[in-house]
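See structure below.
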Amino acid sequence: MSTEAELREKLVRMGALLYNRQLAHGSAGNLSVRLDDGSILVTPTNSSLGFLEADRISKLTPGGEFISGDKPSKEYFFHLAVYDERPAARAVVHLHSTYSVAVSCLCHEQTDDVLPPLTAYHVMRVGKLPLVRYFRPGDRALADEVREVSKQHRSMLLANHGPIVSGVSLEEAVYAYEELEETAKLYFIIGDRKSSPLRADEITELNRAFPS
Ligand code: 13P
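Residue numbers are given in this note's numbering: position 7 of the sequence shown equals residue 149, and the series is strictly consecutive.
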């Protein structure tokens with residue numbers, strides 16, 4: 143269990159790590175964690191994840207009322223929706239990383255899982271990746287869609303935008319996000335070559351051995 147001060151520092155460190163790994167650019171992306179009392183720390187709107195300041199991070203009640211810090215991310219609604227629907231979730235990561243966003247811009251015939259299960263770690267960390275139809279950033283209707291999808295999924299991809307990944311800790315959510323971006327990269331590297339994703343029985347075995 144981490145204190146609020148430790149979690150603020152962790153947001154700063156993880157933001158810098160994601161920025162330095164070029165998974166976050168400009169002022170795109172937002173991170174949040176849920177504290178033991180249910181309140182939420184979320185990155186401020188228009189802030190670079192590479193240069194967060196612990197005492198300026200926004201703090202909100204679980205219902206979204208402002209407590210302290212800078213103005214929160216315009217996407218705080220969907221962060222709250224994920225926490226509402228996933229009681230075990232303690233962190234949410236949303237970024238605009240290149241390969242995942244590229245997948246989000248493709249035409250998809252089916253939208254219930256838009257990346258193939260290429261590797262065991264993708265299945266273990268990300269799971270299924272449904273596509274959420276396009277909304278403008280900050281649209282509250284987006285949060286409603288995210289709420290619905292969160293009932294079943296810890297990861298999802300917003301069309302023409304980027305992924306949302308939740309986890310039981312900030313580390314877990316960040317590592318799952320990185321796994322997702324790597325799978326998206328593999329997907330484009332493989333391109334039109336014939337690939338052999340994991341079979342349904344292999345996925346069942348992984349889910350049994352490593353329940354999420
Ligand atoms: P914020 O700067 O308001 O967090 O928005 C950035 C973003 O990634 C929108 O999806």
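Glycine included, C-beta positions come from ideal geometry on N, C-alpha and C.
Bridge partner(s) assigned by DSSP for residue i
i: Arg232; result: None, per the DSSP bridge assignment.
i: Leu273; result: Leu299
Burial state of residue i (16 or more Cβ within 10 Å)
i: Lys152; result: buried
i: Asn172; result: buried
i: Ser210; result: exposed
i: Pro229; result: exposed
Where the beta strand (DSSP E) containing residue i begins and where it ends
i: Leu183; result: 182-184
i: Asn172; result: 172-176
i: Leu125; result: Because the chain spans 143 through 354 in this model, residue 125 falls outside it and cannot be assessed.
Span of the alpha helix (DSSP H) around residue i
i: Arg150; result: 146-162
Please go through the stretch 285-346 and give each complete beta strand (DSSP E) segment of 3 or more residues, from N-terminal end onward. 297-300, 304-309
Taking only runs of the beta strand (DSSP E) that begin and end inside the stretch 204-262, which ones reach a length of at least 3 residues, in chain order? 208-210, 233-236
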